[in-house]
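So the mapping is simple: this note's numbering equals the position in the sequence shown, first residue as 1, plus 4.
Where a beta carbon is used, it is the ideal one built from N, C-alpha and C, also for glycine.
Just so it is clear, the structure is predicted and the values come from calculations on it, not from any experiment.
Notes follow once the structure below has been shown.
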Amino acid sequence: DYWLVNDMFTFENVGFTKDVGNIKFLVCTDCAIGSIGWHCQDDKNSFNVAFGMGFS
5 DYWLVNDMFT FENVGFTKDV GNIKFLVCTD CAIGSIGWHC QDDKNSFNVA FGMGFS
């Protein structure tokens, strides 16, 4: 399951990896856990963020 948001600033403290093809992976800049989601550069306003990953 994941959230689909239209603005990269919806969440605080999210960073991006370098491009892997046309995908950028999202990482948590507070805890350095990644990847927490992805952004396909074909759709500039589409950011997919996973939830319920079960980290403790």
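Hey, G41 and V53: beta-carbon distance below 8 Å or not?
Contact flag set, yes.
Per-residue DSSP class, three states only, for I37:
Correct three-state label for I37: coil.
Between N49 and V18, what straight-line distance do the alpha-carbon atoms span, to the nearest angstrom?
Each residue's Cα considered, the two are about 15 Å apart.
Distance cutoff 8 Å, beta carbons only. Does D34 sit that close to anything in chain B?
Given the protein chain composition of this structure (a single chain), no chain B is represented.
Given that a residue counts as buried once 16 or more other Cβ atoms are within 10 Å of its Cβ, and exposed if not, what is F55?
Around the beta carbon of F55, a 10 Å sphere encloses fewer than 16 other beta carbons of the protein chains shown; the residue is thus reported as exposed.
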